[in-house]
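Visitor:
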Amino acid sequence: MRQTMAWVLERRDFDALLEALARRGYTLIGPRVRDGAIVYDRIRRSEDLPVGWTDEQRGGTYRLRRRDDEALFGYVVGPQSWKQWLFPPTLRLWRASRSEGDGAFAVEETPLPDEAYAFIGVRACELAAIAVQDRVFLEGPYADPYYRAVRERLFLLAVNCTEPGGTCFCASMQTGPRATAGFDLALTEVLEGDRHYFVVTVGSDTGRAVLSEVPHREAQPDEVAAADTRLQEAATRMGRHLDTEGLKELLQACYEHPCWDEVARRCLSCANCTMVCPTCFCHTVEDVTDLTGQTTERVRRWDSCFSVEFSYIHGGSVRQSTRSRYRQWLMHKLSTWVDQFGVMGCVGCGRCITWCPVGIDLTEEVAAIRSTRKPASSP
1 MRQTMAWVLE RRDFDALLEA LARRGYTLIG PRVRDGAIVY DRIRRSEDLP
51 VGWTDEQRGG TYRLRRRDDE ALFGYVVGPQ SWKQWLFPPT LRLWRASRSE
101 GDGAFAVEET PLPDEAYAFI GVRACELAAI AVQDRVFLEG PYADPYYRAV
151 RERLFLLAVN CTEPGGTCFC ASMQTGPRAT AGFDLALTEV LEGDRHYFVV
201 TVGSDTGRAV LSEVPHREAQ PDEVAAADTR LQEAATRMGR HLDTEGLKEL
251 LQACYEHPCW DEVARRCLSC ANCTMVCPTC FCHTVEDVTD LTGQTTERVR
301 RWDSCFSVEF SYIHGGSVRQ STRSRYRQWL MHKLSTWVDQ FGVMGCVGCG
351 RCITWCPVGI DLTEEVAAIR STRKPASSP
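For the sequence shown, full-length UniProt numbering assigns the number 1 to the initial residue and increments by one for each residue that follows.
1. Give every residue of the same chain whose Cβ lies closer than 7 Å to the Cβ of G165, excluding the five residues on either side of it in the sequence, and list them in chain order.
2. S311 by DSSP, collapsed to three states: which one?
3. Going by DSSP in three states, F306 sits in which element: helix, strand or coil?
4. Specify the secondary structure class of W94 as computed by DSSP and reduced to three states.
5. Is the stretch 71 to 91 close to the stretch 285 to 296, with three or more CB pairs under 8 Å?
6. Going by C-alpha distance, which of W302, A264 and C267 is nearest C282?
7. Whose C-alpha, out of E109, T162, G25 and F105, is nearest the C-alpha of T229?
8. Distance check for C346 and S212, CA to CA, integer angstroms please.
9. Let's test the definition: count the other Cβ atoms within 10 Å of the Cβ of S335 and tell me whether it reaches 16, buried, or not, exposed.
10. Between which two residues does the alpha helix (DSSP H) containing R370 stretch?
11. Is DSSP giving H332 helix, strand or coil here?
12. Can you tell me the Cα-Cα spacing of D287 and V276, whole angstroms?
13. Assuming Y26 contacts A116 under a Cβ cut-off of 8 Å, what Cβ separation, rounded to an integer in Å, is found between them?
14. Excluding the 5 residues flanking R135 on each side, which residues of the same chain have their C-beta closer than 8 Å to its C-beta?
15. Taking A6 as the reference, which of H257, A227, L154 and L18 has the closest Cα?
16. Is there a C-beta anywhere in chain B that falls below 8 Å from the one on V343?
17. Roughly how many whole angstroms lie between the Cα atoms of K248 and V338?
18. Does the separation of the CB atoms of L242 and M331 fall below 8 Å?
19. Can you tell me where the alpha helix (DSSP H) holding E152 begins and where it ends?
20. I353 by DSSP, collapsed to three states: which one?
21. How would you write the range of the alpha helix (DSSP H) that W53 sits in, first residue to last?
22. Considering just the uninterrupted stretch of the beta strand (DSSP E) at R66, what are its terminal residues?
23. Alpha carbon to alpha carbon, how far is R63 from T206? Give it in angstroms, no decimals.
24. Please list, in chain order, all residues of the same chain as V308 whose beta carbon is under 6 Å from its beta carbon, the five residues on each side excluded.
25. Could you please give the first and the last residue of the uninterrupted beta strand (DSSP E) stretch that includes L21?
26. Rounded to whole angstroms, what's the CA-CA distance from E126 to P278? Just pull it up for me.
27. Please state the DSSP three-state secondary structure of E249.
28. Leaving aside the five residues before and after F155 along the sequence, list all residues of the same chain whose C-beta is less than 6 Å from its C-beta, in chain order.
29. What's the gap between the Cα of L72 and the Cα of R45?
30. Reducing DSSP to helix, strand and coil, say where R11 ends up.
31. So which of V299, G348, T322 and A37 has the shortest CA-CA distance to W94?
32. Cα separation between G176 and R23?
33. In terms of alpha-carbon separation, which member of T61, V366, Q320 and C170 lies closest to A253?
34. What does the Cβ neighbour count give for Q133, buried or exposed, with the cut at 16 atoms within 10 Å?
35. Pop quiz: R266 and I360 are said to be a contact at Cβ under 8 Å. What is the actual Cβ separation, rounded to whole angstroms?
36. Excluding the 5 residues preceding and the 5 following L9 in the sequence, name in chain order all residues of the same chain whose CB lies nearer than 6 Å to its CB.
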């Protein structure tokens, strides 16, 4: 497979690509505008996408505005991530019912999904997030069967990011703006004068087969150069920067740094950062019984390390202060996650900054610790 070969898909043929995926039985999931934000939901055609929309993001602020062109993917990322389709916010694991006669219980496990999804418009940072979650849910002795069932059928149509946002720092994390792996097809959208086209890279045999069903042609050198220029410019226009040099060791040496107290005075422990994060996987399991006592369900729900109850063990919570919970979150993302999974748990999408009600900025907190380092007196 020649992954370096580039092709051109004209804007007028983009719907043919969506139709080719639909013919193969994929349910199309893509970005669309709803309730003043760009969210991920079922789509059918290009008109469902955020055509001509972009977003403005900074700490604690997100708003949409109109572009002066008809770009399909001229935005950054919204409050949702693709995680919700692979690791649902709420999932019933099983249901038990008591029979009317002998009172015996029958347990019915939730069947695994058989729907095949095609994610449309996955950014490079989001591909990296999916790869991180693959390590969490698929590697090791206990793979998650629901996640695996969805993941095995998944088609990933990536779109390289030419419009970095005010809170983006994927270039610092080496996760973007160009998608380099983990996709079936990757597109770079180019608008030049009256021309509107996509430079396409094939990332899998399935992607190649889908592309063969759609009108396309080999990209010319000037078209490839136009796409490359936009990506190179995007890498230099990131709204944030995070110095990752020695970061794992730095944070572990600053367990009692006074910056944790300073950020705790601003943090609301609202858990917004963990809810919008594309890699966070904290969850809890609840048993819910109806009022008759005849049926009960075991449900898995998203949870957060910012919740006092999340760290509850016999005798109480081990992280009762906001200071300890914020420290746990940031150190896990940028330090102990490496010990656990071999990579950092942050991909630089900037959602945690944008959707923090008080605008706490992970990159600024790390910079403050680095600039005023006071090593811990205890491990």
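Every residue gets a Cβ at the ideal spot worked out from N, C-alpha and C, and that includes glycine.
Guide: The structure says:
1. Here the set comprises D55, Q57, V76, G239 and G350.
2. helix
3. coil
4. It is a strand residue.
5. no
6. The candidate whose alpha carbon is nearest that of C282 is W302.
7. Checked all of E109, T162, G25 and F105; the closest Cα to T229 is T162.
8. 35 Å
9. buried
10. For R370, the uninterrupted alpha helix (DSSP H) run begins and ends at L362 to S371, by DSSP.
11. In this structure, H332 counts as helix in the three-state DSSP scheme.
12. Rounded to the nearest angstrom, the two C-alpha atoms are 25 Å apart.
13. 5 Å
14. F341, G342 and V343
15. A227
16. Absence of chain B from the displayed structure is noted, only one protein chain being present.
17. 8 Å
18. no
19. P145 to E152
20. helix
21. Counting along the chain, W53 falls outside any alpha helix (DSSP H), though it belongs to the beta strand (DSSP E) covering W53 to R58.
22. Here the beta strand (DSSP E) through R66 covers T61 to R66.
23. 36 Å
24. S317
25. L21 -> not in any beta strand (DSSP E); alpha helix (DSSP H) instead, spanning F14 to R23.
26. 7 Å
27. helix
28. Y26, A118 and D184
29. 11 Å
30. helix
31. V299
32. 31 Å
33. V366
34. buried
35. 6 Å
36. F198, V200 and H216
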